[in-house]
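The structure appears below as structure tokens.
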Amino acid sequence: MTARATIELRDLPIQTTIGTYPAGVPAPTDHRLDLTLSIDPSLVLIEQDGMDRVFDYDPLVAELERLAADGPYDTQERLITRMAVACAAHLPVQALELALRKGPMRDGSGSLGVCVFLDGPELHALRSRKP
């Protein structure tokens, strides 16, 4: 079996506005982000403690929060695309999975989300995109 390492962020509330709704229909106000980054195991299995030996995810999380606040967005798909591009900009990221949910959807409950998984050629293509 090949060694594998991930960094996982779950259920992070993000401040954003997504969607357009008719008058009288309440817009979802709870937006949540799940993120899984596959990275080289050598950035997790370290011999000595130190930030210079690991993938520092804090700047990436701050960038994702900034992108969310950069709205409003008509679609979750646009925000998740921008977030995927931000993740792909970090070369230690070998694959990524992003999931964005908004709620409540109906009668004060439920959520609706969009998820994307990118690895190999798809991640390379995203990195090669022109801004």
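For the sequence shown, the residue numbers in this note's numbering are 5 to 135.
The beta-carbon is built from N, C-alpha and C at its ideal position, and this holds for glycine as well.
Predicted model, so just to flag it, every value in this text is computed and none were measured.
A straight-line Cα-Cα distance of about 12 angstroms links residue 30 and residue 22. The beta carbons of residue 104 and residue 117 sit closer together than 8 angstroms. In this chain, the alpha helix (DSSP H) harbouring residue 62 covers 62 to 73.
In this model, residue 15 and residue 109 are separated by some 17 angstroms (Cα to Cα). Straight through space, the alpha carbons of residue 107 and residue 9 are spaced by roughly 31 angstroms. In this structure, residue 58 lies away from residue 84, with their beta-carbon atoms at least 8 angstroms apart. A Cβ-Cβ distance of about 6 angstroms is found for the pair residue 88 and residue 130, placing them in contact under the 8 angstroms criterion. Listed as beta-bridge partners of residue 40 by DSSP are 12, 101.
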